[in-house]
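Chains as they are written, first to last, in our numbering: chain A, 3 to 213; chain B, 3 to 213.
For glycine and all other residues, C-beta sits at the position ideal for the given N, C-alpha and C.
Here the structure is a predicted model, which means the values were calculated and not measured.
There are 2 protein chains.
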Amino acid sequence: MRIVFPLFERFTALDAIGPYEVLSRLPGAEIVFAAVMPGPVRTDVGLALVADLGLGDVDGCDILVVPGGPGTESVAVEGNPLVEWVRSVHEHSTWTTSVCTGSEVLGAAGVLEGLRATTHWACVDRLESFGASYSATRVVIEGKVMTAAGVSAGIDMALLLAKLVAGEETAKAIQLGIEYDPQPPFDSGSVAKASSTTVDVVRAVMAARQV
Amino acid sequence: MRIVFPLFERFTALDAIGPYEVLSRLPGAEIVFAAVMPGPVRTDVGLALVADLGLGDVDGCDILVVPGGPGTESVAVEGNPLVEWVRSVHEHSTWTTSVCTGSEVLGAAGVLEGLRATTHWACVDRLESFGASYSATRVVIEGKVMTAAGVSAGIDMALLLAKLVAGEETAKAIQLGIEYDPQPPFDSGSVAKASSTTVDVVRAVMAARQV
Numbered sequence: 003m004r005i006v007f008p009l010f011e012r013f014t015a016l017d018a019i020g021p022y023e024v025l026s027r028l029p030g031a032e033i034v035f036a037a038v039m040p041g042p043v044r045t046d047v048g049l050a051l052v053a054d055l056g057l058g059d060v061d062g063c064d065i066l067v068v069p070g071g072p073g074t075e076s077v078a079v080e081g082n083p084l085v086e087w088v089r090s091v092h093e094h095s096t097w098t099t100s101v102c103t104g105s106e107v108l109g110a111a112g113v114l115e116g117l118r119a120t121t122h123w124a125c126v127d128r129l130e131s132f133g134a135s136y137s138a139t140r141v142v143i144e145g146k147v148m149t150a151a152g153v154s155a156g157i158d159m160a161l162l163l164a165k166l167v168a169g170e171e172t173a174k175a176i177q178l179g180i181e182y183d184p185q186p187p188f189d190s191g192s193v194a195k196a197s198s199t200t201v202d203v204v205r206a207v208m209a210a211r212q213v
Numbered sequence: 003m004r005i006v007f008p009l010f011e012r013f014t015a016l017d018a019i020g021p022y023e024v025l026s027r028l029p030g031a032e033i034v035f036a037a038v039m040p041g042p043v044r045t046d047v048g049l050a051l052v053a054d055l056g057l058g059d060v061d062g063c064d065i066l067v068v069p070g071g072p073g074t075e076s077v078a079v080e081g082n083p084l085v086e087w088v089r090s091v092h093e094h095s096t097w098t099t100s101v102c103t104g105s106e107v108l109g110a111a112g113v114l115e116g117l118r119a120t121t122h123w124a125c126v127d128r129l130e131s132f133g134a135s136y137s138a139t140r141v142v143i144e145g146k147v148m149t150a151a152g153v154s155a156g157i158d159m160a161l162l163l164a165k166l167v168a169g170e171e172t173a174k175a176i177q178l179g180i181e182y183d184p185q186p187p188f189d190s191g192s193v194a195k196a197s198s199t200t201v202d203v204v205r206a207v208m209a210a211r212q213v
């Protein structure tokens, strides 16, 4: 089972690594990180992950996981090679998924036209510009297309996907393997729960980072 | 504020990337990934992250975050260069922390002697062999030493650390920025919550992976 994570400059590491840590534990998983050119790809912070393959070397996959990050703003445009690759691979994928603003890459590839989808809460307008209808939920499933909300939501999405692909017992074992018994010290992880001051602060920071 | 993640072959990516995604958003954060030799370092699954610096180029830090993974079994031994580096850096760090079996590296460096600490639930004996007393909690704070439970627990630890370093408002803003409003589809993330069958399955898998 080939699971591919396409990388691009200024992606957000946890968008990819959350699902990777879950899905790589599926029986028979073959994990591939790929980019337009193979080699190190820098995150929004500067850390580099290595894409072992070029996109041209990956002609298909069972599960596609597109991460988001500030870089999507320049990637998620018609004609971008990564977008064209996503469009092609999506035709025969079993699952096409995104985390955070990775949904914009799916959108630019025409995958989300007329579908409900989710993204980072601060980037709803950009998602909807691709013809998707934003759903303020953590994970949205529309046929074989699955989208997750911001950054950390990819872990929850991947556990759902693990259940659908390999059954609930396997998914539960993966949850225990990564000891995913979340205990955030605050309850400020969504717009509905955070104070309006916190929301304003994050909007300003994200505008500056162009997430 | 210099935050250093020492990497080693067969570390677990989420152990590092969870805290990185939180702590890199602290005002003034300077993130450094380092290894005995600079260059790509492979995780337990095969993905490579790039260590931009060698440990010899990093003579101190404000926050040290040691990830775990199957690789700790060969790293966490007296005389290992990474262990010796941790011992040295710990002398002047503001915070010395670990995620998952990264605690064994702290243990081998003598940091945990006589302290309460946590680790991955399946690796308690190895932690205690270093003179630490295992606490079955998600995060343990002993003075300037903070240890987190398995893999995903590093996110919760980092949010606590963010609060201690930069205040609760900043930590809450980071939580909202990464949309950390966890909604796991099952409640199987700890030994106390998972079925005994699931626990047995994971113990067997982890023994085979040497996590």
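Whole-angstrom distance between residue j and residue i, CA atom to CA atom
i, j, result
"B:G81", "A:D183", "35 angstroms"
"A:Q185", "B:G156", "11 angstroms"
"B:S192", "B:C125", "13 angstroms"
"A:M159", "B:V88", "35 angstroms"
"A:V213", "A:E75", "Reliability of the predicted coordinates at A:V213 is poor, the pLDDT of 45 falling under 50, and no value is obtained from them."
"A:G179", "B:G104", "15 angstroms"
"B:L51", "A:H94", "30 angstroms"
"B:V38", "B:A111", "16 angstroms"
"A:S90", "B:P21", "35 angstroms"
"A:A53", "B:D54", "16 angstroms"
"B:W123", "B:P40", "31 angstroms"
"B:A168", "B:I33", "16 angstroms"
"B:A196", "B:S190", "4 angstroms"
"B:L129", "A:E106", "44 angstroms"
"B:C102", "B:L162", "16 angstroms"
"B:A194", "B:F13", "26 angstroms"
"A:T215", "A:V60", "The question about residue 215 of chain A has no answer here: the residues shown for chain A are numbered 3 through 213."
"B:E115", "A:G116", "59 angstroms"
"B:D202", "A:E171", "12 angstroms"
"A:G58", "A:A18", "20 angstroms"
"B:A220", "B:P69", "The structure shown does not extend to residue 220 of chain B, since chain B spans only 3 to 213, so no value can be given for it."
"B:R27", "B:V153", "20 angstroms"
"A:R140", "A:S100", "12 angstroms"
"B:T120", "A:S198", "35 angstroms"
"B:V204", "B:I143", "27 angstroms"
"A:L132", "A:V79", "In the sequence as presented, Leu is not what sits at residue 132 of chain A; that position holds Phe. So the two alpha carbons sit approximately 10 angstroms from each other."
"B:V181", "A:A206", "Looking at the sequence provided, one finds Glu at residue 181 of chain B rather than Val. The straight-line gap from Cα to Cα measures roughly 15 angstroms."
"B:V43", "A:V43", "14 angstroms"
"B:S135", "A:L25", "33 angstroms"
Of the listed residues the options, nearest to residue i (C-alpha basis)
i, options, result
"A:T98", "A:I180, A:V147, A:T45", "A:V147"
"B:G48", "B:F10, B:G62, B:V77", "B:F10"
"B:A210", "B:G71, B:V34, B:A173", "B:G71"
"A:A151", "A:L166, A:R118, A:A78", "A:R118"
"B:V6", "B:L84, B:R44, B:V79, B:A78", "B:L84"
"A:E23", "A:I176, A:A138, A:G133", "A:I176"
"B:G56", "B:L108, B:S135, B:F35", "B:F35"
"A:M208", "A:L28, A:D46, A:R27", "A:D46"
"B:V77", "B:D61, B:L108, B:D64", "B:L108"
"A:A31", "A:G58, A:D17, A:D64, A:R44", "A:D64"
"B:V113", "B:H92, B:S131, B:T96, B:D127", "B:H92"
"B:P29", "B:A164, B:S131, B:P187, B:G73", "B:A164"
"A:L66", "A:D127, A:V43, A:M3, A:G73", "A:M3"
"A:G145", "A:R205, A:G62, A:T96", "A:T96"
"B:P187", "A:T200, A:A173, A:F188", "A:A173"
Beta carbon proximity, residue i to chain A, threshold 7 angstroms
i, result
"B:T99", "no"
"B:L129", "no"
"B:A50", "yes"
"B:G152", "yes"
"B:D158", "yes"
"B:S76", "no"
"B:S137", "no"
Short CB-CB distance (under 7 angstroms) between residue i and chain B
i, result
"A:P187", "yes"
"A:L66", "no"
"A:P8", "no"
"A:I33", "yes"
"A:R140", "yes"
"A:A155", "yes"
"A:S26", "yes"
Distance cut-off 6 angstroms: residue i Cβ against heavy atoms of the ligand FMN
i, result
"B:G56", "Here there are no bound small molecules, and the ligand FMN is not part of this structure."
Quick one: complete alpha helix (DSSP H) runs, 4+ long, within the segment 106-145 of chain B? 126-130
Note down, in chain order, all residues in the segment 162-183 of chain B with a beta-carbon under 8 angstroms from any beta-carbon belonging to chain A. L162, K165, E170, E171, A173, K174, A175, Q177, L178, G179, I180, E181, Y182, D183
Which complete beta strand (DSSP E) runs does the segment 19-60 of chain A hold, if anything under 3 residues is left out? 32-37, 41-44, 50-53
If the cut-off is 8 angstroms on Cβ atoms, which residues from the segment 8-24 of chain B count as contacting chain A, listed in chain order? T14, A15, L16, I19, G20, Y22, E23
Members of the segment 191-207 of chain B that neighbour chain A once the beta carbon cut-off is set at 9 angstroms: G191, S192, V193, A194, K195, A196, S197, T199, T200, V201, V203, V204, V207
Members of the segment 34-48 of chain A near chain B, C-beta cut-off 8 angstroms: F35, P42, V47, G48
Report the residues of the segment 115-127 of chain A with a CB closer than 7 angstroms to any CB of chain B, ordered along the chain. H122, W123
Give the list of continuous beta strand (DSSP E) stretches no shorter than 3 residues that lie fully inside the segment 78-105 of chain B. 97-101
Ignoring anything shorter than 4 residues or poking outside the segment 137-195 of chain A, list the alpha helix (DSSP H) runs there in chain order. 155-168, 170-179
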